[in-house]
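Report on the structure given below.
This is the structure:
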């Protein structure tokens, strides 16, 4: 492929891989900056994560009016969200609307599966190999592949023997799936499993949730958005966005949160705060007090409050015990946001199968067998999570300088300067990669932050008359060490989470996101830019 790159003209200045929120905005910004760009995506439509994840109950856990683009005031004024937490179909309609409104589709190549990306060191350009034999050559490549785009696949013994239907949540069919009256088993209790449970319980004849490790789930307090609320929101959208960019989470938080330690206040005052934040709903509960994610004693007060809530909702004592046997502090695994999850276990057609001490042994022709019993099923749904943050990148066949592949480079865990670039891989950029706030914050706001910054460094290189940009190895190493160091000051590393890669056998255990937050990260980006993109070489 190197010879091919040397012998032909550039197809584009930039190739972008991924047609979700990140890839589409990257295309829009590069066009505006005068670059020729093309988006590649294996799917048959735009949407990224929201194209693939069509499972029942799929919805965002960030409020819809925050989980949306801020780059166009006309767009945010014209589009009206129907719910506080939008469902997958509505989010996909929004992304499709953006692609059409800004005429992005003409530079999006769908059904384009990337098999490899190889850097030509002599000519400072990349060749992208696609399934089917097509090759594209560009100066730069931007990987907008998403943090949760490679589902973890089941590996249970006997899976091929099952006579019923099986579904993977992240690869849900695009046609309706008939579950009415059927015996359905769900394996997985992360956000996806919880959303699936509440949705399928309304339809299935019998629903069994196979549950090993409980996760904290917080009420969304979802509701339709009325005209008065929407009108008021839109009148203050600019101020809301400006504030969001300075926050940790990438969206304004309610004033009911306390800036005190949970241990500084009396018991009754602490309960009042927890009750108020619980009624408000959403993932901000983990920030009810300033030290819930840094002080184990403070965190324990919040965890105990949630246990009490679960006990007051779920009627069966054994189910309560299984749902509250937490092995991690609140918020150190991504907390789920639900609509009626715990209430679901009071339905007569729903049961929890605790496989913590009675593990799944195999899938049989008729269902699932644990160490002590068998469960006949018509349908098994696997909600096993994702190979997060690095999974798509490591499967992309990326080869940098001297023939070094990205899996070789990241054999001990991912390392990237600012989550944007890696030494040894010139002219390659990642959007919301490891070492950036990404999955710990509002992803759309984090995407805009990265895309704007990547566009800026490419404009800088063009102005300098250079066509080669590379992260410095020592600077990258220092940044990666800093990301780990500040995570170690919190409770995050105490959990076996997909943030550390613990859900994927053999994956190096490294805390991947930057816990400093979106606002603090923006200050870092601004400082690097102010100093002439310090930590990057241009040649």
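Numbering (my numbering), first residue to last: 20 to 558.
No residue lacks a Cβ here, since even glycine has one placed at the ideal position from N, Cα and C.
What you are looking at is a predicted structure, and each value in this text was computed from that prediction instead of being measured.
Neighbour-count burial assignment, residue 386, 16 or more Cβ in a 10 Å radius: buried
CA-to-CA distance, residue 158 to residue 70, given in whole angstroms: 29 angstroms
For residue 275, the first and last residue of its enclosing alpha helix (DSSP H): Taken as a continuous stretch (DSSP letters only), residue 275 belongs to no alpha helix (DSSP H), as it is neither H nor E.
Where the alpha helix (DSSP H) containing residue 128 begins and where it ends: Premise fails: residue 128 lies in the beta strand (DSSP E), 127–129, not in any alpha helix (DSSP H).
Neighbour-count burial assignment, residue 451, 16 or more Cβ in a 10 Å radius: buried
Local conformation of residue 165 per DSSP, three classes: coil
Which listed residue (167, 66, 427) has its alpha carbon closest to that of residue 188: 167
Min CB distance residue 461 to chain D below 8 angstroms: Absence of chain D from the displayed structure is noted, only one protein chain being present.
Residue 547 (DSSP reduced to helix, strand or coil): helix
Nearest to residue 39 (by Cα), restricted to the options 92, 172, 128, 249: 128
Three-state secondary structure (DSSP) of residue 482: helix
Beta-ladder partner(s) of residue 155, from DSSP: 147
Exposure of residue 549, with buried meaning 16 or more beta-carbon neighbours within 10 Å: exposed
Uninterrupted beta strand (DSSP E) stretches inside the segment 454–525 (no shorter than 3 residues): 488–490
Alpha-carbon to alpha-carbon, residue 111 and residue 433: 30 angstroms
C-alpha distance - residue 556 paired with residue 483, whole-angstrom precision: 12 angstroms
Contact between the segment 251–258 and the segment 223–243 (3+ Cβ pairs under 8 angstroms): no
Separation of residue 216 from residue 122, as counted between CA atoms: 38 angstroms
Proximity to residue 470 [Cα-Cα], best of 75, 30, 29, 52: 52
Beta-carbon proximity check, residue 137 vs residue 313, cutoff 8 angstroms: no
Cβ pair residue 237, residue 103 closer than 8 angstroms: no
Beta strand (DSSP E) segment containing residue 238, residue limits: First-last of the beta strand (DSSP E) with residue 238: 236–238.
Neighbour-count burial assignment, residue 176, 16 or more Cβ in a 10 Å radius: exposed
Anticipated Cβ contact below 8 angstroms, residue 29 with residue 474, distance rounded: No, residue 29 and residue 474 are not in contact; Cβ-Cβ is about 18 angstroms, not under 8 angstroms.
Cβ pair residue 78, residue 105 closer than 8 angstroms: yes
Three CB pairs or more closer than 8 angstroms across the segment 342–359 and the segment 195–205: no
Span of the alpha helix (DSSP H) around residue 361: 360–363
Range of the contiguous beta strand (DSSP E) that encloses residue 396: Segment: none, residue 396 is in no beta strand (DSSP E) and carries neither H nor E.
Spatially closest choice to residue 339 from 233, 172, 303, 134, by CA coordinates: Checking every option, the nearest Cα to that of residue 339 belongs to 233.
Proximal residues to residue 302 (C-beta, below 7 angstroms), its chain only, five neighbours per side dropped: Only 80, 237, 354, 356 meet the Cβ criterion.
Cut-off 6 angstroms between Cβ atoms - residues of its own chain near residue 330, not counting five sequence neighbours on either side: 339
Close-in-space but distant-in-sequence residues of the same chain around residue 169 (CB under 7 angstroms, 5 per side omitted): 405, 406, 410, 411, 414
Pick from 392, 390, 382, 546 that is closest to residue 179, judged by C-alpha positions: 382
Contact under 8 angstroms by Cβ, residue 536 with residue 456: yes
Outcome for residue 524 when other beta-carbon atoms lying within 10 angstroms are tallied against a minimum of 16: exposed
Whole beta strand (DSSP E) elements within the segment 370–446, 3-residue minimum: You should have 379–382, 386–389, 393–395, 398–401.
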